[in-house]
Amino acid sequence: MQRCIIAPSHNDRCMLLRRVQQGQILQPVRGMYIDSAYWNGLHSDERMRHITRAYAHAHPNWIFEGLTAACIHRLDHDYELPHRTISVMVPSPPNARAPHWMQYRQCEDAEYVIVDGVKVTPLAKTVADCLCTHDFCNGLQMCNDALRRGVTRAAITDTLESMPHATAGAWNVVHHATPRCENGGESRALAVMIEGGLQVPQLQREFHCAQNGETRRADYCWATESGLIVGELDGREKYIDPTMTGGRMVEEIVDDERMRVDTLMKCGVIRIVRFRVRETFDPPAFIDKLMKAGVPRVLR
């Protein structure tokens, strides 16, 4: 796995620092080096993984936790979530003062798993830790992702119950968590809907049309007095990502989408509202869009 370089000797460090001055490489954190162009092409999660792998290589007895562990596990969360601190459990206090980007916690015999060569807290523990330190939106993305991977709700709740400072917010996430959201974008949209006071939708509802024999599925569905409203998370990927297009041409995908809409309408859907993940980053406008489409709001 790719990682940053830690200079093994004084001479190596001096050589790397000269290349830093020349702009060929950079120091993401003190004492680590990586090619500048390569680093600039990485998003924040991948940068965190490169730094963490370097620390893990240099300190094989360290166990990483919190958001650092979530990045190594590749749990869904916002890429723009600040990665300012590397959280690590150590068997004994470090000799030197911790740099500002490191958070040490002394813990002996902590349970861990190895992911990409890095010791990290198990998935359920990682999720529970993050639920207590991050907002509802990111917590739901992580929790839903873990449930999709086979982590049980009981494993997460048992971990929370063992934590002396589990927050009400963490329990609220677990209450709403579901494996039925198929990706982080769907989880994020659901979280914004819930926080915005909308009626919780039925997820991945299947519609079977007796007229044409087709079965179609909707990301979100609300039953209203007027009829069924469907919400669809759109993205460019379904037109250009080979893993999602199945080798079909754009025209074929568009035709299939047209037939899909026709099937949904024949099954009693009165309206389909489409949105993209970026719209969820403006919650008031996103909620207003859904309400104008007829999605009901509830009091909680």
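In my numbering, the protein residues as written are 48 to 347. From the three backbone atoms N, C-alpha and C, an ideal C-beta is built for every residue, glycine too. Since the model is a prediction, treat every value here as computed from it, not as a measurement.
Supposed contact pair residue j and residue i - C-beta distance, whole angstroms, cut 8 Å
i: residue 193; j: residue 122; result: 7 Å
i: residue 221; j: residue 203; result: 6 Å
i: residue 170; j: residue 104; result: So it is not a contact: roughly 22 Å between Cβ atoms.
i: residue 39; j: residue 172; result: Within the shown structure, residues of the chain are numbered from 48 to 347, placing residue 39 beyond reach of any answer.
i: residue 184; j: residue 213; result: In fact, because the Cβ distance is near 19 Å, the residues do not count as touching under 8 Å.
i: residue 9; j: residue 51; result: Residue 9 lies beyond the stretch modelled for the chain, which goes from 48 to 347, so this question has no answer here.
i: residue 261; j: residue 310; result: 5 Å
i: residue 100; j: residue 62; result: Their Cβ separation, rounded to whole angstroms, is 22 Å, which puts residue 100 and residue 62 out of contact at 8 Å.
i: residue 59; j: residue 72; result: Incorrect: roughly 12 Å between the Cβ atoms, too far for contact.
Residue i versus residue j - alpha carbon distance
i: residue 275; j: residue 251; result: 14 Å
i: residue 313; j: residue 256; result: 7 Å
i: residue 160; j: residue 208; result: 21 Å
i: residue 342; j: residue 270; result: 9 Å
i: residue 132; j: residue 267; result: 36 Å
i: residue 249; j: residue 96; result: 35 Å
i: residue 329; j: residue 228; result: 20 Å
i: residue 4; j: residue 258; result: For residue 4 there is no data in the structure shown, the boundaries of the chain being 48 and 347.
i: residue 163; j: residue 318; result: 45 Å
i: residue 201; j: residue 128; result: 27 Å
i: residue 215; j: residue 282; result: 34 Å
i: residue 327; j: residue 305; result: 25 Å
i: residue 57; j: residue 78; result: 11 Å
i: residue 332; j: residue 280; result: 16 Å
i: residue 102; j: residue 225; result: 34 Å
i: residue 264; j: residue 253; result: 4 Å
i: residue 141; j: residue 55; result: 19 Å
i: residue 114; j: residue 336; result: 32 Å
i: residue 234; j: residue 195; result: 11 Å
i: residue 174; j: residue 190; result: 6 Å
i: residue 87; j: residue 98; result: 14 Å
i: residue 66; j: residue 151; result: 31 Å
i: residue 118; j: residue 53; result: 21 Å
i: residue 334; j: residue 186; result: 20 Å
i: residue 307; j: residue 223; result: 29 Å
i: residue 74; j: residue 168; result: 27 Å
i: residue 89; j: residue 181; result: 23 Å
i: residue 218; j: residue 93; result: 29 Å
i: residue 290; j: residue 109; result: Caution is warranted here: a pLDDT of 40 is assigned to residue 290, below 50, making its placement in the model unreliable, and no coordinate value can be reported.
i: residue 322; j: residue 197; result: 29 Å
i: residue 210; j: residue 64; result: 44 Å
i: residue 107; j: residue 144; result: 19 Å
i: residue 239; j: residue 320; result: 16 Å
Option in the options with minimal Cα separation from residue i
i: residue 324; options: 182, 230, 86; result: 230
i: residue 315; options: 282, 272, 174, 157; result: 272
i: residue 340; options: 133, 328, 277, 326; result: 277
i: residue 232; options: 75, 134, 188; result: 188
i: residue 134; options: 140, 149, 144, 141; result: 149
i: residue 176; options: 279, 72, 111, 141; result: 111
i: residue 244; options: 195, 84, 326, 338; result: 338
i: residue 157; options: 306, 66, 165, 136; result: 136
i: residue 146; options: 107, 76, 215; result: 76
i: residue 246; options: 344, 155, 70, 71; result: 344
i: residue 386; options: 93, 139, 116; result: Any answer about residue 386 is impossible in this case: the structure gives the chain only from 48 up to 347.
i: residue 91; options: 321, 107, 124, 108; result: 124
Can you check the stretch 108-174 for any alpha helix (DSSP H) of at least 4 residues that lies completely inside it and give the ranges in chain order?
-> The qualifying runs are 113-120.
Tell me the start and end of each unbroken beta strand (DSSP E) in the stretch 162-239 that is at least 3 residues and wholly inside, in chain order.
-> Here the runs fully enclosed are 165-167.
3 or more residues per run - each beta strand (DSSP E) lying fully within the stretch 60-98 | Counting whole runs of 3 or more residues, the stretch 60-98 contains the beta strand (DSSP E) stretches 79-82.
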